[in-house]
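Enquirer:
2 protein chains.
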Amino acid sequence: MNELHRAETPGRTDLRLVRGDRTRKAITRHAADVASLEGLSGLSIGRLATDLGLSKSGVQTLFGTKEKLQLATVEAAREAFLDEVVGPALTSPPGAERLRSLTEHWIAYASAPLFPGGCFWAASLPDFDSRPGPVRDALAQQRRDWLALLAGEFRRAVETGQIAEADAELAAFQIDAVLLGTNTALRLGDAAAADVARRVVDGFLTPG
Amino acid sequence: MNELHRAETPGRTDLRLVRGDRTRKAITRHAADVASLEGLSGLSIGRLATDLGLSKSGVQTLFGTKEKLQLATVEAAREAFLDEVVGPALTSPPGAERLRSLTEHWIAYASAPLFPGGCFWAASLPDFDSRPGPVRDALAQQRRDWLALLAGEFRRAVETGQIAEADAELAAFQIDAVLLGTNTALRLGDAAAADVARRVVDGFLTPG
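From first to last, the protein sequence lines are chains A and B. Using this note's numbering, the first residue of the first sequence is number 789, and each one after it goes up by one. Using this note's numbering, the first residue of the second sequence is number 789, and each one after it goes up by one.
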């Protein structure tokens, strides 16, 4: 029986799988919220079970180890970020306009905020950058993907003559650094930081 | 008896105070190392006592509460940073040259590194920026002092015609953000990040 067929005619086992998948998603999404506030290293299966009114053994069965829970949380955070920041910005034309849209959606993501503790990676990378292993690897890969997205749009803006020639990797590094600095400033109560981020990105996107 | 007199003729009580002060310093300096790796919120009096071969009750007596230990650790980190980065850079002439020296000493501080987990504030601010209270206030004040130092030197460079007119607060925010981004990149194994930081700061310091 293939996946499609199974989706059309769910039996008892399939329903249990669907339910398990939904529970997993609810747990990891909540775990991303907690990690944004208290760090990914502090996540515990017991704490999440209590928060969500589930049995500890049930959560244990779904994830197995704390590391697997952390990896699933990192993936859940990525999906939420794609939905909230990257996806909407991809509807803007490539290049300078898309970079502006990514910046606006990023500022909204950090200000609203999507995760109660602000940017998930601003909280998780410093927590895990001294802990080698699969969780750090996953976070580092997501950071590379994000920098590559910014650099790619910047390069497109240069190639199509929207902005002056400049080093795309260097620009991406700086834009990312300023967004993370803005997240810190917002967390510390400096509401003016959002405008600082806008001014910096605008500075990068002056026509050539 | 004033402080000076006490320093000249130490009696039994004074010697105990001096010893207590030295022990306090050794504990907080080690605590700053641990916090750079595992976060300031994870510090525990028991863990520090074990690490340093002291009794838990002795450490408890010296600091009282975990929050006081955290505050003393934040202050110890500041002193170590002043010794390693700010002090040496202040021997350079004010303005552009001092900003370059601050950057070089900062890169050395993050690369060597002074604290085993890299920049103390890069680890501690994300850990505490969602936890209102005296520890977050102390970290935020140190961040403001650092940004004010960068902005002041930048302003001096503009006023003395070393570099072109530009917004000093905005430049300080960007330089700080790039240094913190460099710290993250270094922690993730990207040794080229130090040169990125140099190029960005050089870009800010082009003659006007």
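Each residue gets a CB set at the ideal place from its N, CA and C atoms; glycine is no exception. What you are looking at is a predicted structure, and each value in this text was computed from that prediction instead of being measured.
(1) Could you tell me the alpha carbon to alpha carbon distance between B/Asp-809 and A/Gly-827, rounded to whole angstroms?
(2) In angstroms with no decimal places, state the Cα-to-Cα distance between B/Asp-983 and B/Lys-856.
(3) Does B/Phe-903 come out as helix, strand or coil in the three-state DSSP assignment?
(4) Say whether the region 890-897 of chain A touches the region 898-917 of chain B, bearing in mind that this needs 3 or more beta-carbon pairs closer than 8 Å, one atom from each stretch.
(5) Out of B/Ser-832, B/Val-806 and B/Ala-959, point me to the one whose CA is closest to B/His-818's CA.
(6) I'd like the list of long-range same chain contacts for B/Ala-959, defined as Cβ closer than 8 Å, with 5 residues on each side in sequence excluded.
(7) Helix, strand or coil: which one does DSSP assign to B/Ser-832?
(8) Counting only the same chain and skipping the five closest in sequence on each side, list residues whose C-beta sits under 8 Å from that of A/Arg-924.
(9) List the residues of chain B that A/Ala-910 touches, going by C-beta distances under 8 Å, in chain order.
(10) Could you tell me whether the region 926-933 of chain A touches the region 905-914 of chain A, using the rule of 3 or more Cβ pairs below 8 Å?
(11) Anyone know if the C-beta pair for A/Arg-807 and A/Gly-883 falls short of 8 Å?
(12) So what's B/Gly-991 in DSSP terms, helix, strand or just coil?
(13) Mind listing the chain B neighbours of A/Val-965? Cutoff is C-beta to C-beta under 7 Å, in chain order.
(14) With H, G and I counted as helix, E and B as strand and the rest as coil, what does DSSP make of A/Arg-919?
(15) With 7 Å as the limit, tell me which residues of the region 978-994 of chain A have their beta carbon closer than that to any beta carbon of chain B; keep them in chain order.
(16) Mind checking B/Ala-979: buried by the 16 CB within 10 Å criterion, or exposed?
(17) Kindly give me the distance between the Cβ atoms of A/Asp-964 and B/Gly-969, rounded to whole angstroms, as I take these residues to be in contact under 8 Å.
(18) Excluding sequence positions up to five away, which residues of its chain have a Cβ less than 6 Å from the Cβ of A/Ala-973?
(19) Am I right that A/Ala-860 and A/Phe-908 are in contact with their C-beta atoms under 8 Å? What's the rounded C-beta distance?
(20) Taking the alpha-carbon positions, what's the B/Phe-961 to B/Lys-854 distance?
(21) Beta-carbon separation of B/Gly-834 and B/Lys-844 under 8 Å?
(22) Take the Cβ of B/Thr-816 as the centre, count every other Cβ of all protein chains shown within 10 Å, and call the residue buried at 16 or more, exposed below.
(23) Which residue marks the beginning of the alpha helix (DSSP H) containing A/Ser-824, and which one marks its end?
(24) Can you find a C-beta in chain B that's less than 8 Å from the C-beta of A/Ala-812?
(25) Taking the alpha carbon of B/Pro-920 as the point to measure from, which residue in A/Leu-976, A/Asp-802 and A/Thr-801 has its own alpha carbon closest?
(26) For B/Ala-814, which of B/Asp-839, B/Leu-803 and B/Leu-825 has the nearest alpha-carbon?
(27) How would you list, in chain order, the residues of chain A whose beta-carbon sits under 9 Å from the beta-carbon of B/Gly-905?
(28) Please compile the residues from chain A whose C-beta is within a distance smaller than 7 Å of the C-beta of B/Arg-975.
(29) Using alpha carbons as the reference points, say which of A/Ser-824, A/Thr-879, A/Gly-905 and A/Leu-887 lies closest to A/Ala-985.
(30) Output needed for A/Leu-825: all residues of its chain with C-beta closer than 7 Å, excluding positions within five of it in sequence on either side, in chain order.
(31) Leaving out five residues before and five after A/Pro-995 in sequence, what residues of the same chain have Cβ atoms less than 8 Å from its Cβ?
(32) When the Cα of A/Gly-875 is compared with those of A/Gln-858, A/Trp-934 and A/Pro-922, which residue comes out closest?
Expert: The short version:
(1) 32 Å
(2) 38 Å
(3) coil
(4) no
(5) B/Ser-832
(6) Leu-938, Ala-939, Phe-942 and Phe-992
(7) coil
(8) Phe-916 and Asp-917
(9) Pro-914
(10) yes
(11) no
(12) helix
(13) Rather than Val, the amino acid found at residue 965 of chain A in this sequence is Ala. Ala-965, Val-966, Leu-968 and Gly-969, listed in chain order.
(14) coil
(15) Val-984, Arg-987 and Val-988
(16) exposed
(17) 6 Å
(18) Ala-981
(19) Contact doesn't hold; Cβ gap of about 13 Å is too wide.
(20) 32 Å
(21) yes
(22) buried
(23) 800-826
(24) Here the sequence assigns Arg to residue 812 of chain A, which means Ala is not the residue at that position. With 8 Å as the cut-off, A/Arg-812 does not count as an interface residue toward chain B.
(25) A/Leu-976
(26) B/Asp-839
(27) Pro-914, Asp-917 and Ser-918
(28) Asp-917 and Ser-918
(29) A/Leu-887
(30) Pro-904 and Gly-905
(31) Gln-950, Ile-951 and Ala-952
(32) A/Trp-934
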